[in-house]
Each structure stands twice: as structure tokens, then as C-alpha cells.
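Participant:
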Amino acid sequence: MDYKYQGIILNKRDVGEVDRIYTIYTLEAGKIRVLGKGVRKPNAKLAGNLESVTQAEIFMSKNKGMGKITGSIATNNFSNIKSNLDLVNRVFYVFKIIIRIISEEEKDENIFLLLEKYLVAMDANEVGEDKVDVLTLGFLFQVLAEMGYRLEMEKCVHCEKKLLLESNYFSISRGGILCTNCQGRESKKMLISNEAIKLIRIFLQNKLENLVKLKVSQSDINRLKVILNESINWFSGENFRV
Ligand SMILES: [Zn+2]
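Numbered per this note's numbering, the sequence shown spans residues 71 to 312.
1. Would you list the residues whose beta-carbon is nearer than 7 Å to any heavy atom of ligand 1, in the order they occur in the chain?
2. Measuring alpha carbon to alpha carbon, tell me which of 239, 133 and 248 ends up nearest residue 231.
3. Determine the contact status of residue 202 and residue 255, defining contact as a CB-CB distance below 9 Å.
4. Tell me the DSSP secondary structure of residue 129 in three-state form.
5. From 77, 105 and 264, pick the residue whose C-alpha is nearest to that of residue 97; which is it?
6. Reducing DSSP to helix, strand and coil, say where residue 225 ends up.
7. Among 263, 143 and 169, which residue has its Cα nearest to the Cα of residue 237?
8. Using only the alpha-carbon positions, how far apart do residue 143 and residue 246 sit?
9. Note down the Cα distance separating residue 175 from residue 181, rounded to an integer number of angstroms.
10. Is the CB-CB distance between residue 278 and residue 184 below 9 Å?
11. Between the alpha carbons of residue 193 and residue 233, how many angstroms are there, rounded?
12. Taking the alpha-carbon positions, what's the residue 72 to residue 169 distance?
13. Taking the C-alpha atoms as reference points, what is the distance between residue 153 and residue 132?
14. Have a look at residue 156 and residue 164 and give me their C-alpha separation to the nearest angstrom.
15. Tell me which residue opens and which closes the alpha helix (DSSP H) that residue 299 is part of.
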């Protein structure tokens, strides 16, 4: 059977003498792993369109086992990202998280669209260091929400009362915030500022491309990173540090 996919190349790994296995997030089938046969031969044409951090149309054939790539056309090379070492490292790290937390062959068009938006925004010329952080945080909070791990930021996860501007606590095992009255019920928790709660709400409720307009202080970014790392590590069982 022959297939045509829209995909974003997340990563590649050399196998055998001249082959590679690619991990690709596709619109049509979610995360897949496919074989690029002979792509490391000196004259192989296929490899150029299959660099990590490339959006491409991928043609493949698949019968039993792993599919084989038969052709590809790059539709976005994200050349600004690739020419900036800090950006490319950041995107690779995010891809590593995505590869770890997303199961294979579970189609989710929204995750594909989020990935596409994230790369387009990161590739834009005017993206500065602080925006890189905001986009990355927003992207990962939204991916987690899309996967069903939406953090509850409106009401207390125990008593379900609307959160007030008081001392609130974040608990990843409870999936959200405990209010002052209920925080004693959980031992593994951390104080979360009202500003951080407000920002996570904004991240979850707005389009990713609009988050670049947000002004977020470095100290708030650092606080949000703590919450995000807790969340990702809870779901992945690994020790990621965004
Ligand atoms: Zn409560």
C-alpha cells in the first residue's frame, strides 16, 4: 500500500550501513517511525528533505512492519530555526519530550497543527529570547491539555470552589490547584503565585500564535517552568527540564 502524509520530522537515527529510521509527526496518522532506505549513500536524493525540523510531504509504502519512505518534498525548511543554534537546540529538546510523551500511531490533528504553529512562530524573524520561552511553555501546556492532561486552574481540585487570590498550592498528582482550606490534604504540593495561575489560564485559553504578544517577566517564566517540568516529568517518568 502507498501512502502520502503531511509530516514534521522530529528526529532521525542511523541504522545499518546506509539507512535511517525517522520519527515523524503526521497529520494523517500521528507519530510514526519509518525507514529511509539507502538515505546515507553519497548520492541519495531523499535525505535532503528529511532533516529534523522540516515539514514535508512524505510518500511511503507499507505492507507488514515498518513503512518505507519512497519520496519526499519539503514544504517548510524552517531555515531561521536551523541557522540559530540556540533555537535549534530548544526545538530538539521539545521534540525529545514530544517523542517521549506521545504514543505511536494515535492520530491527533490538533497536535499536528500545534506543532506546525509552534515551528512557524519560532521561525519568525522577530522572535526574541523571552518569546522563545513563552512560545515553548505555551506549546507544551497546550500539548498536555490536548492529550487530556489539562491542568485545572479555575477551581480547587478538592472542594471545587472558584480559586481566590490567596495562598494556593499546585499538586501534579491532583492535576491542578488546591485552595488554602484544602491544601492540608496533600503532602506533595508547591505554593503557586496568583500571577502564575493567571498566566497558565492565558496559555490554555489563547491561540499559540497570539502568545508572542504577552509580556512575561523572567521570574514568572521561571515559576512556570517549574510547574511545566513537574507536569511533564509526572507523565513521562523522566527528568526533563524545559
Ligand atoms: Zn478547596
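Just so it is clear, CB atoms sit at the ideal spot from N, CA and C, and this is done for glycine as well.
Facilitator: Walking through what the data contain:
1. 226, 228, 229, 231, 248, 249, 251 and 252
2. 248
3. no
4. strand
5. 77
6. strand
7. 263
8. 43 Å
9. 13 Å
10. yes
11. 37 Å
12. 25 Å
13. 34 Å
14. 12 Å
15. 288–306
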